[in-house]
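Each residue of the sequence shown is one higher than the one before, counting from 1003 in the working numbering. Even glycine gets a Cβ: it sits at the ideal position worked out from N, Cα and C. All values reported here derive from a predicted model rather than from experimental measurement.
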Amino acid sequence: MEDLDFSKGHGAPRPLAPVAPLYVPEVARAFFESAGREERIAAGTVLFAENEKASRLLLRRDKMYFLVEGEISLVTRGKQLGSPKAGDIFGEMAAISDSPRSASAIAKTDCRVIALDDKGFSAALEKQPEFALMMLGTMILRLRAMIARLAGVPSAAVLKESRVFEKSLLASMVEGLGGQALVRYDRDKIIMVAGQAGALMYVVVEGRVAITIRGTVVERIGPGGVFGEMALIDQSPRAANALAETDCALLAMNRKVFLSLVKSEPAFGIALLSATAERLRNTAAALN
């Protein structure tokens, strides 16, 4: 584990391996095709509406879509927000975070799409866990840009204690990964430093960790919370510092372990994707 430990805080950052494109349409299409079927959508069809929320009581589920062919308009408050191209994914934020739709999706032309609901998404993750990394990477790029704008601007939306995994799933992870994945840090010890290469992500089992940028605390991570996943996903330098605010016990995992967990426990990948989507929403709210 020593060669994966970036807690020392001194020395030049290690050279980084070349980073492949984060989003690959062919990979996304294969993922959607593994658990969904292509369908045709007529021009003018509203695939989902702004502020719409799925209702299990009415047997309605939020879906995410892969656009095979055609043009889609994303509209919010009467203004066009974007226009996904063939090969793009849309509708994923609400589908994975169980939040209301932030925009309406309307077919500008006749379209072909592949849709996945939550059950289909979970089934596809078991077959192709690498997709979780790719999807996280695209969201993380947006999150990095927002965090950079937030530096030095504390906000209640960002400072609330972050939690990703509920107690039962956290306990299952601790048992499954074993003692070799558990690391401990005393209070006030540095866990990671901005600018250094990252190979591990961490899940807090006990204690609390403060995430800081330029000396300002932008997030606090409690039991069940995750940090360090940004550098693990896109292999770029750490974007922030992490400090143990209390004595801490952390689960440390590398890319290989991450993929194994997503494949064996799709709920792990879904929880992390959902938390990242929620962080995007909260961070965007803090900027407005």
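- The alpha-carbon of Asp1188 is positioned some 7 Å away from that of Ala1246.
- Around the beta carbon of Ser1106, 16 or more other beta carbons lie within 10 angstroms, which makes this residue buried.
- Where Val1205 is concerned, there is no enclosing alpha helix (DSSP H), although the beta strand (DSSP E) around it starts and stops at 1203-1208.
- Ile1142 and Leu1069 have their C-alpha atoms roughly 22 Å apart.
- Around the beta carbon of Lys1121, a 10 Å sphere encloses fewer than 16 other beta carbons of the protein chains shown; the residue is thus reported as exposed.
- A straight line joining the alpha-carbon of Ala1147 with that of Thr1278 spans about 14 Å.
- Between Thr1078 and Ser1104, the CB-CB gap stays under 8 Å.
- Taking Tyr1025 as the centre and dropping the five residues before and after it, the same chain places the C-beta of Met1136, Thr1140 closer than 7 Å to its C-beta, in chain order.
- Boundaries of the alpha helix (DSSP H) harbouring Ser1170: 1169-1179, taken from the DSSP string.
- By the beta-carbon neighbour count (other beta carbons within 10 angstroms, threshold 16), Arg1039 is exposed.
- When the five nearest sequence neighbours on each side are left out, the beta carbons in the same chain lying within less than 6 Å of the beta carbon of Arg1240 are those of Met1194, Ala1196, Gln1198, Gly1200, Ala1233, in order along the chain.
- Under the three-state reduction of DSSP output, Gln1130 falls in the coil class, being neither helix nor strand.
- In the structure shown, the three-state DSSP call for Lys1055 is coil.
- For Lys1129 against Ser1036, the beta-carbon gap comes to about 5 Å, under 8 Å, which counts as contact.
- Under the Cβ criterion (8 Å, minimum of three pairs), the stretch 1210-1218 does not count as touching the stretch 1268-1288.
- Separation of Leu1171 and Arg1165 (C-alpha to C-alpha, rounded to the nearest whole angstrom) is 12 Å.
- Contiguous alpha helix (DSSP H) elements confined to the stretch 1076-1146 occur at 1094-1099, 1120-1129, taking only those with 4 or more residues.
- Nearest neighbour of Val1115 by Cα position, chosen from Gly1224, Ile1074, Asn1284, Ala1125, turns out to be Ile1074.
- Looking at the DSSP output, Phe1068 bridges to Ile1091, Ile1116.
- In the three-state DSSP reduction, Val1219 falls in the strand class (E or B).
- Under the DSSP definition of a beta bridge, Met1232 lacks any partner.
- Counting C-beta atoms within 10 angstroms of its own C-beta, Pro1102 has fewer than 16 neighbours from the protein chains shown and is therefore classed as exposed.
- Residue range 1027-1035 is occupied by the alpha helix (DSSP H) that includes Glu1028.
- Assignment of Thr1248 by DSSP, reduced to helix, strand and coil, places it in the coil class.
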